[in-house]
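Residue numbers (the working numbering): 6 to 339.
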């Protein structure tokens, strides 16, 4: 058996120590990376909470004078007369709720249909083209949509859509006398629908694609039609997620200001007809803040912002609660 010299023994020793030292160094780097990641994540989460707290504090502090003078009755009082020092959020709250809910009524079926088409019907080539195009709607600036609403949509609504709806459904108060300009809550709802559709459609598509393929193929093999697969598997399996997506779209509609301001008509009264001009919380703040005539006027605008912040936070919290309870795989397997 050949003997190992001093050089051979030293080389073997170095070869043995090098991997051990390298492993220890790698473990130290991993520990440092874990600490850095945990610290960065904690700081980011804390900053998010602090930012929400600072925003809420500033808005409530700015609204203090109006809150102390008008109290909760501000929510239901419909007169908004800055020249007389009389302020109420009724018109703005009514316009916000009606335009957002009506936009959701239009957007949810359309967006879910788009998601079903992309997930179950469209070939892969068509899906790769249409999917990004739908999502690009969310990238259009609000002011561009509002300008398009003034130039194109409002004249079309005034000349064709409102008269047709009034002629067919005029016995319903919400489809009253058509407006003379085409601007109003109805047109604003259509603009909000365009903004909400890409959000709900993209989430719906991902939810439908997440349903195990074996379930769909198994139902088809048992003789189920495409509609029966959608009705019996896809929609029940993704119901909670679809509701959460709708809440996310609602949050988007509630907070829109610029596009809504351009087409809603800046109404000062509550009307039963959707064709009448109206106003929203976000639109009122955007339209009047820089032209406020008194400290009480500014404080009342902050009060509108506090109401809008509360509604938006509640909508997002409700959506997150639903998302946490949603597990598409568990639902599909039950």
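Glycine included, each C-beta is placed from N, C-alpha and C at the ideal position.
Bear in mind the structure is a predicted one, so any value in this text is a computation, not a measurement.
- In chain order, 245, 248, 249 place their CB closer than 6 angstroms to the CB of residue 327, counting only its own chain and leaving out the 5 sequence neighbours on each side.
- When beta bridges are read from the DSSP output, residue 86 appears opposite 91.
- DSSP places residue 199 in the uninterrupted alpha helix (DSSP H) bounded by 190-215.
- Restricting attention to 279, 306, 282, the CA atom closest to the CA of residue 290 is found in 306.
- For residue 210 and residue 204, the gap between their C-alpha atoms comes out near 10 angstroms.
- Nearest Cα to residue 186 within the set 98, 156, 145: 156.
- The criterion of a C-beta distance shorter than 8 angstroms is not satisfied by residue 146 and residue 168.
- The beta carbons of residue 286 and residue 98 sit closer together than 8 angstroms.
- In the structure shown, residue 168 adopts helical secondary structure according to DSSP, grouped into three states.
- The C-beta distance from residue 121 to residue 235 rounds to 6 angstroms, short enough to fall under 8 angstroms.
- In this structure, the straight-line span from the alpha carbon of residue 158 to that of residue 206 is close to 22 angstroms.
- Excluding five sequence positions before and after residue 142, the CB atoms of its chain that fall closer than 6 angstroms to its own CB belong to 203, given in chain order.
- Beyond the five residues adjoining it in sequence on each side, residue 79 comes within less than 8 angstroms, by CB distance, of 71, 72, 92, 93, 94, 305, 308 in the same chain, given in chain order.
- In chain order, 259, 285, 286, 287, 313, 316 place their CB closer than 8 angstroms to the CB of residue 101, counting only its own chain and leaving out the 5 sequence neighbours on each side.
- In this model, residue 74 and residue 88 are separated by some 16 angstroms (Cα to Cα).
- If you ignore the 5 residues before and after residue 297, its C-beta comes within less than 7 angstroms of the C-beta of 303, 306, all in its own chain and listed in chain order.
- Taking C-beta separations shorter than 6 angstroms and ignoring five residues to either side along the sequence, the partners of residue 124 in its chain run 210, 213, 214, following chain order.
- Fewer than three Cβ pairs drawn from the stretch 38-49 and the stretch 263-283 lie within less than 8 angstroms of each other, which leaves the two stretches out of contact.
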